[in-house]
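Asker:
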Amino acid sequence: MSAGEVKHAGLNLGATDEDAHEQAEPDVFGFWIFLMSDAVIFALLFAIYGTMLGATVGGPTAASAYKIGPTFAETLILLTSSFTFGMASIAMKHGATPRVLLGWLAATLILGVAFLGLELHDFATMTGDGAVPMRSGFLSSFFALVPLHGLHVLAGCLWLVVMMVQVPIFGLDARVKINLLRLGLFWHFLDIVWIAIFSVVYLQGLIR
Amino acid sequence: MTDGLWPALLGRFTWNALAFVRAWENPTVNEIIGAGAAMMVVLGAAVVIAIITVTGKWGYLWREWLTSLDHKKIGIMYVVLAFVMLARALAEAVLMRMQQAAAVNAPGFVEPDHFAQLFSTHGSIMIFFMAMPFLTGIINYVTPLQIGARDVAFPLLNSISLWLTGGAAGLMMVSLVIGRFSTGGWSGYPPYTELGFSPDVGPDYWIWAVTLGSIASTLSGLNFAVTLYKMRCPGMTLMRMPLFCWTTLCTSILMIFAMPPLTVATALLALDRYLGFHFFTNDLGGNMMNYANLFWLFGHPEVYILILPAFGVYSEVVSTFSSKELYGYTSLVLATMAIAVLSFTVWVHHFFTMGQSANLNAVFGIATMTIGVPTGVKIYDWIWTMFRGEVRFTVPMLYSLAFMMTFVLGGFTGILLAFPPLDYLVHNTLFLVAHFHNMLIPGLLYGMLAATHYWFPKAFGFRLNEKWGRISFGCWVVGFYLAFMPLYVLGAGGATRRSQAFFEPAFRPWLYVAGVGALILLTALVSLFMQLWVSIRERDDNRVFAGDPWDGRGLEWSTSAPPPEYNYAVIPAVDGRDPFYDGKRDGDVYAAPTTYEDIAVPRNSMVGPATGILGAVLAFGLVWHIWWLALLCLGGIIATVIARSFVRDVERIVPAADVARIEDRWRRMIAAARPISRHHEMTSANQGLAEVTA
Amino acid sequence: MTAPQTDLRRGKRHEIRTYVIGYALALALTGAAFAAVHWPSFAAPTTLSIVFGLALIQMIVHLRCFLHVSLGQSSRDDLLLILFSTLIIVLMVAGTIVIIANLHVRMM
Numbered sequence: 004m005s006a007g008e009v010k011h012a013g014l015n016l017g018a019t020d021e022d023a024h025e026q027a028e029p030d031v032f033g034f035w036i037f038l039m040s041d042a043v044i045f046a047l048l049f050a051i052y053g054t055m056l057g058a059t060v061g062g063p064t065a066a067s068a069y070k071i072g073p074t075f076a077e078t079l080i081l082l083t084s085s086f087t088f089g090m091a092s093i094a095m096k097h098g099a100t101p102r103v104l105l106g107w108l109a110a111t112l113i114l115g116v117a118f119l120g121l122e123l124h125d126f127a128t129m130t131g132d133g134a135v136p137m138r139s140g141f142l143s144s145f146f147a148l149v150p151l152h153g154l155h156v157l158a159g160c161l162w163l164v165v166m167m168v169q170v171p172i173f174g175l176d177a178r179v180k181i182n183l184l185r186l187g188l189f190w191h192f193l194d195i196v197w198i199a200i201f202s203v204v205y206l207q208g209l210i211r
Numbered sequence: 030m031t032d033g034l035w036p037a038l039l040g041r042f043t044w045n046a047l048a049f050v051r052a053w054e055n056p057t058v059n060e061i062i063g064a065g066a067a068m069m070v071v072l073g074a075a076v077v078i079a080i081i082t083v084t085g086k087w088g089y090l091w092r093e094w095l096t097s098l099d100h101k102k103i104g105i106m107y108v109v110l111a112f113v114m115l116a117r118a119l120a121e122a123v124l125m126r127m128q129q130a131a132a133v134n135a136p137g138f139v140e141p142d143h144f145a146q147l148f149s150t151h152g153s154i155m156i157f158f159m160a161m162p163f164l165t166g167i168i169n170y171v172t173p174l175q176i177g178a179r180d181v182a183f184p185l186l187n188s189i190s191l192w193l194t195g196g197a198a199g200l201m202m203v204s205l206v207i208g209r210f211s212t213g214g215w216s217g218y219p220p221y222t223e224l225g226f227s228p229d230v231g232p233d234y235w236i237w238a239v240t241l242g243s244i245a246s247t248l249s250g251l252n253f254a255v256t257l258y259k260m261r262c263p264g265m266t267l268m269r270m271p272l273f274c275w276t277t278l279c280t281s282i283l284m285i286f287a288m289p290p291l292t293v294a295t296a297l298l299a300l301d302r303y304l305g306f307h308f309f310t311n312d313l314g315g316n317m318m319n320y321a322n323l324f325w326l327f328g329h330p331e332v333y334i335l336i337l338p339a340f341g342v343y344s345e346v347v348s349t350f351s352s353k354e355l356y357g358y359t360s361l362v363l364a365t366m367a368i369a370v371l372s373f374t375v376w377v378h379h380f381f382t383m384g385q386s387a388n389l390n391a392v393f394g395i396a397t398m399t400i401g402v403p404t405g406v407k408i409y410d411w412i413w414t415m416f417r418g419e420v421r422f423t424v425p426m427l428y429s430l431a432f433m434m435t436f437v438l439g440g441f442t443g444i445l446l447a448f449p450p451l452d453y454l455v456h457n458t459l460f461l462v463a464h465f466h467n468m469l470i471p472g473l474l475y476g477m478l479a480a481t482h483y484w485f486p487k488a489f490g491f492r493l494n495e496k497w498g499r500i501s502f503g504c505w506v507v508g509f510y511l512a513f514m515p516l517y518v519l520g521a522g523g524a525t526r527r528s529q530a531f532f533e534p535a536f537r538p539w540l541y542v543a544g545v546g547a548l549i550l551l552t553a554l555v556s557l558f559m560q561l562w563v564s565i566r567e568r569d570d571n572r573v574f575a576g577d578p579w580d581g582r583g584l585e586w587s588t589s590a591p592p593p594e595y596n597y598a599v600i601p602a603v604d605g606r607d608p609f610y611d612g613k614r615d616g617d618v619y620a621a622p623t624t625y626e627d628i629a630v631p632r633n634s635m636v637g638p639a640t641g642i643l644g645a646v647l648a649f650g651l652v653w654h655i656w657w658l659a660l661l662c663l664g665g666i667i668a669t670v671i672a673r674s675f676v677r678d679v680e681r682i683v684p685a686a687d688v689a690r691i692e693d694r695w696r697r698m699i700a701a702a703r704p705i706s707r708h709h710e711m712t713s714a715n716q717g718l719a720e721v722t723a
Numbered sequence: 353m354t355a356p357q358t359d360l361r362r363g364k365r366h367e368i369r370t371y372v373i374g375y376a377l378a379l380a381l382t383g384a385a386f387a388a389v390h391w392p393s394f395a396a397p398t399t400l401s402i403v404f405g406l407a408l409i410q411m412i413v414h415l416r417c418f419l420h421v422s423l424g425q426s427s428r429d430d431l432l433l434i435l436f437s438t439l440i441i442v443l444m445v446a447g448t449i450v451i452i453a454n455l456h457v458r459m460m
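Chains as they are written, first to last, in my numbering: chain A, 4 to 211; chain B, 30 to 723; chain C, 353 to 460.
As structure tokens, then:
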């Protein structure tokens with residue numbers, strides 16, 4: 004009777020697994036709330052960034068430190084990883100073979116790691132050019148906001164690895180499915196935060 | 030900064046970090062007090078460990094309490110933690126009062142640096158390690174019972190929150206023995222708490238203790254919100270929840286949204302201190318006002334987190350002990366929601382004097398005054414609840430009455446402070462100190478003490494001694510007035526807060542009165558411990574196993590005292606607001622169900638203790654720059670979380686036969702018990718069964 | 353049991369389509385934002401508004417297509433939570449910027 008009902012954010016299992024669908028409601032809602040508190044943390048870091056845009060103290064500015072090419076590449080990579088995770092969610096929900104599911108998860112992981120690699124390269128370049136957080140308030144606020152997002156992506160990648168280990172071990176039992184639902188929420192949330200980052204931080208800094 | 034003893038292994042630890050060594054090398058009264066406090070921590074821990082070892086209770090403690098995921102046990106442990114920390118912070122308060130009384134044109138006996146640590150620990154402990162655990166504990170115990178649930182939504186997360194809080198409190202206690210605490214107050218303002226002015230371990234202790242506590246509180250808020258949204262029993266719509274659950278819901282929402290700004294503030298300060306960032310430094314583009322803004326974005330909703338649960342308690346207590354339905358339920362709900370939302374709109378009133386324009390200050394001043402309105406609505410609702418009721422002056426009711434009168438006084442001073450021009454005169458004077466203690470003590474503390482007295486029989490199966498309850502109550506009230514009313518006069522007369530000494534002789538008599546008040550407050554706390562002792566000694570005379578000692582109204586009173594592990598053998602269904610009260614008057618509310626089923630309860634788990642202990646040791650490693658230790662603990666926490674995700678066997682079944690046995694025993698005792706009228710409520714005739722008159 | 357199964361398969365196709373549409377829209381919005389900055393055609397403040405506007409729209413696309421949060425009745429709790437969170441975030445962020453800017457003007 005409640006099978007068709009949408010019980011929580013993100014993809015709902017619905018009639019494909021009614022027991023897990025039932026169990027998922029409080030679990031996914033709780034994770035959704037956690038994401039809201041995380042959103043507040045990011046929002047405040049954005050606000051701090053906004054107040055410290057001018058605190059360059061004669062050091063590197065946004066225009067000198069940011070590069071549009073790598074940012075565009077990172078954006079496309081992360082966006083595509085959101086799509087691949089969406090495909091993974093559908094595979095999980097509609098009973099695809101473990102290989103298909105693992106394939107989509109692996110694709111997401113590869114893209115996630117690629118994103119992190121590019122971002123680390125960016126930070127290394129900035130550091131080499133003297134754009135370090137110890138140089139100014141502006142750079143401090145950049146290096147709090149963007150690496151925090153990166154740390155979240157790192158945690159997400161670790162979580163992906165754990166899930167890729169658990170799927171062969173446990174199959175798609177309720178706990179594995181609910182964990183994948185939550186990871187999905189997390190991954191898409193990180194992409195939403197990245198939209199804000201590339202807009203407020205990089206593009207704003209590069210407008211001439 | 031001096032080099033460490035053995036930097037690679039022990040970071041920046043030196044022998045001089047130990048309070049005993051400092052007192053040995055420089056035996057002034059000041060240092061001896063510090064060493065004495067450290068001695069109490071070490072001896073206290075040793076005595077507790079010795080007692081548990083000698084009585085052979087380690088296994089019992091680990092199995093029945095420390096690894097338990099039962100919300101009732103977790104709630105009790107939170108309250109125990111709160112009382113221990115209350116004792117320490119109250120002692121610190123007495124010390125400060127004695128120092129100020131002695132130090133008018135004289136040096137006193139506590140040096141400025143030590144005094145600064147005292148007011149910093151006093152504030153930090155009272156807010157983060159007394160008040161928050163106290164209200165979290167009461168909410169933990171009561172809320173699932175009130176909504177007809179068997180536990181909170183995330184029992185393991187509940188345990189993790191408890192242990193993170195406990196670990197952080199432990200860190201606070203360690204700071205008495207090893208190193209020193211911050212001298213920057215409970216608010217930790219930079220640039221004073223930056224490396225340039227405070228290179229020592231003090232602010233780091235503060236940062237990590239507060240961070241652990243704030244993470245724990247965010248998780249608790251999340252837990253309670255999901256519990257209330259998703260686990261109410263059939264028929265219990267939101268508008269049929271007890272008021273205490275409504276205040277819990279709003280408190281939870283505040284916790285979820287207000288703790289993040291604190292996490293950001295302390296994290297950024299940590300980045301400044303540990304990695305040389307420039308968020309709040311004086312140089313290279315730092316802006317200290319960003320910190321103040323962040324801190325009070327947290328700090329204002331925080332005080333509403335502290336007070337809303339107390340308001341919920343008063344709603345329950347006033348209704349029960351007026352023998353009358355709560356007046357104006359809808360208005361109370363709306364007022365609670367209004368307070369919750371408005372609490373996010375007033376934070377600038379904590380720093381009116383920092384240079385904003387008059388217009389900006391005015392906006393926040395008006396918002397601040399607005400928040401008094403819903404609180405006033407609540408006061409009126411409680412008064413109307415008592416009106417034409419049959420009021421019984423039990424200890425919880427006495428606390429409620431004292432609250433109504435004293436809190437309103439404090440509220441008036443709040444309205445005064447809300448006027449920016451007036452605030453300019455008394456900001457950071459003892460007037461402000463008097464105001465917030467006037468809100469917190471009669472508001473939060475009386476509420477929590479009332480809650481303890483009210484729900485103790487439910488939790489432990491016997492009533493608390495009423496005589497000692499009254500003695501304690503009397504001391505709390507008299508002590509409060511004597512300790513804090515003079516501070517209004519002093520503050521208006523120009524006495525600055527956080528001052529180790531004064532130079533105005535006219536302050537002396539007021540400071541003496543305040544000192545006497547502090548000693549009476551100490552007596553109040555001691556009376557509470559006496560009350561506990563006497564109550565335990567007399568417990569067999571005061572057992573209320575049937576479970577309803579006060580003729581209660583909510584579902585929590587429909588269980589035995591103490592309730593079984595699973596709370597309800599059959600999840601109740603309700604169709605109104607005071608389901609148990611109505612049930613008593615409508616029919617056979619203790620009727621046994623036709624069948625019993627197996628009940629699943631959460632298995633114990635080591636994850637809570639592991640996270641809390643690893644978290645505290647991680648924090649200790651960060652404080653002392655013992656990087657290998659910090660990394661090890663971080664790895665340990667990550668490994669614990671990942672390992673737990675592989676565990677599938679997380680529940681234990683209580684067989685239907687056991688449930689039947691437990692329930693039948695309870696019903697046999699009800700049948701054998703004599704129902705009593707409210708006149709005999711405080712006698713040993715009260716077995717927890719209420720006489721139903723109509 | 354073919355009817356529920358075809359329902360499920362139809363549902364699956366619909367879900368895949370939602371993700372593909374979301375991905376395509378997000379790509380377009382991203383491209384437009386980067387293009388606006390890389391090939392500047394407007395005054396700086398206008399470009400900034402365009403970038404922020406496109407970001408807001410793309411966030412809604414993600415919420416709708418990837419996170420399935422809609423205005424429908426049954427996702428009400430989640431939607432209310434987002435709206436409340438948005439309110440709090442707007443209060444905190446706008447408040448912070450206004451206050452710090454106000455202080456900056458008066459104290460510099």
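We put the CB at the ideal spot given by N, CA and C, even for glycine.
Is the Cβ-Cβ distance between Tyr517 of chain B and Ala463 of chain B less than 8 Å?
Answerer: A Cβ-Cβ contact shorter than 8 Å links Tyr517 of chain B with Ala463 of chain B.
Asker: 8 Å is my cut-off, CB to CB: does Asp194 of chain A come that close to chain C?
Answerer: yes
Asker: So which residues on chain C does Ile113 of chain A lean against when the C-beta distance must stay under 9 Å?
Answerer: Contact annotation for Ile113 of chain A against chain C: no contact, minimum CB-CB distance about 17 Å [criterion: below 9 Å].
Asker: Taking any Cβ of chain A, which residues in the stretch 660-674 of chain B have a Cβ under 9 Å from it, in chain order?
Answerer: Within the stretch 660-674 of chain B, the residues whose Cβ lies closer than 9 Å to some Cβ of chain A are Ile667, Ile671, Ser674, listed in chain order.
Asker: Report yes if the C-beta distance between Thr476 of chain C and Ala12 of chain A is below 8 Å; otherwise report no.
Answerer: Because chain C here runs from 353 to 460, residue 476 of chain C falls outside it and cannot be looked at.
Asker: Under a Cβ-count criterion, where at least 16 other Cβ atoms within 10 Å of its own Cβ denotes burial, should Lys101 of chain B be classed as buried or exposed?
Answerer: Within 10 angstroms of the beta-carbon of Lys101 of chain B lie 16 or more other beta-carbons, which makes it buried.
Asker: Would you list, in chain order, the members of the stretch 442-455 of chain C that have their beta-carbon closer than 7 Å to a beta-carbon of chain F?
Answerer: The structure shown contains no chain F; its protein chains are A, B and C.
Asker: For Met4 of chain A, collect the residues of the same chain with a Cβ closer than 7 Å to its Cβ; drop the 5 residues on either side in sequence, then sort them by chain order.
Answerer: Note that Met4 of chain A has pLDDT 38, beneath the 50 cutoff, so the model's placement of it is unreliable and no number is given.
Asker: Mind listing the chain B neighbours of Ala134 of chain A? Cutoff is C-beta to C-beta under 9 Å, in chain order.
Answerer: Near Ala134 of chain A there are no residues of chain B at all, since even the closest Cβ is about 13 Å away, more than 9 Å.
Asker: Once you ignore the five residues that flank His97 of chain A on each side, which residues in its own chain have a CB closer than 8 Å to its CB?
Answerer: Around His97 of chain A: Thr19.
Asker: Need the endpoints of the alpha helix (DSSP H) that Pro449 of chain B sits in, please.
Answerer: 449-455
Asker: Between Phe112 of chain B and Gly242 of chain B, which are expected to be in contact by the criterion C-beta below 8 Å, what is the C-beta distance as a whole number of angstroms?
Answerer: The beta carbons of Phe112 of chain B and Gly242 of chain B sit about 17 Å from each other, so the pair does not count as a contact at 8 Å.
Asker: Closer than 8 Å by beta-carbon distance: list the chain A residues that pair up with Phe286 of chain B, in chain order.
Answerer: Met39, Ser40, Val43
Asker: Who are the neighbours of Gln410 of chain C on chain A, taking C-beta pairs under 8 Å?
Answerer: Ile198
Asker: Since I believe Asp99 of chain B is in contact with Glu594 of chain B (beta carbons under 8 Å), could you give me their beta-carbon distance rounded to a whole number of angstroms?
Answerer: 6 Å
Asker: Residues in the stretch 225-256 of chain B with C-beta within 7 Å of chain A's C-beta atoms, listed in sequence order?
Answerer: Thr247, Leu251, Ala254, Val255
Asker: Note down, one range per segment and in chain order, each alpha helix (DSSP H) of at least 4 residues found wholly within the stretch 353-383 of chain B.
Answerer: Here the runs fully enclosed are 358-371.
Asker: Nearest to Phe448 of chain B by alpha carbon, out of B:Lys496, B:Pro592, B:Thr399?
Answerer: Nearest option by C-alpha distance: B:Thr399.
Asker: Within 10 angstroms of its Cβ, does Ile13 of chain B collect 16 or more other Cβ (buried), or is it exposed?
Answerer: Since the first and last residues shown for chain B are 30 and 723, residue 13 of chain B lies out of range.
Asker: Using a Cβ-Cβ cutoff of less than 6 Å, which residues in the same chain neighbour Ala6 of chain A once the five nearest sequence positions on both sides are dropped?
Answerer: Residue confidence is low: Ala6 of chain A scores 48 on pLDDT, short of 50, so the model does not pin down where it sits. Its coordinate-derived value is still stated next. Scanning its chain for C-beta atoms nearer than 6 Å, with the 5 sequence neighbours on each side dropped, one finds around Ala6 of chain A the residues Gly17, Ala18, Glu21, in chain order.
Asker: Hey, is the stretch 500-519 of chain B in contact with the stretch 546-554 of chain B, meaning 3+ C-beta pairs nearer than 8 Å?
Answerer: Segments in contact, yes.
Asker: If you run the structure through DSSP and keep just helix, strand and coil, what is Arg261 of chain B?
Answerer: coil
Asker: Kindly indicate which residue of B:Ala530, B:Ser348, B:Val406 has the alpha-carbon position closest to the one of Phe138 of chain B.
Answerer: B:Ala530
Asker: Report all residues from its chain with a CB closer than 7 Å to the CB of Thr399 of chain C; omit the five preceding and five following residues, and keep chain order.
Answerer: So the qualifying residues of the chain are Ala388, Val389, Pro392.
Asker: Within 8 Å of any Cβ in chain C, is that where the Cβ of Pro449 of chain B sits?
Answerer: At a cut-off of 8 Å, the C-beta of Pro449 of chain B has no neighbouring C-beta in chain C.
Asker: Contact between the stretch 178-187 of chain B and the stretch 551-563 of chain B is defined here as three or more beta-carbon pairs at a separation below 8 Å; is this criterion met?
Answerer: no
Asker: Please state if the CB of Met468 of chain B and the CB of Ala575 of chain B are separated by a distance shorter than 8 Å.
Answerer: It is not a contact, given that the beta carbons lie outside the stated cut-off.
Asker: Count the C-beta pairs between the stretch 337-356 of chain B and the stretch 411-421 of chain B that are closer than 8 Å, then say yes if the count reaches three, no if not.
Answerer: yes
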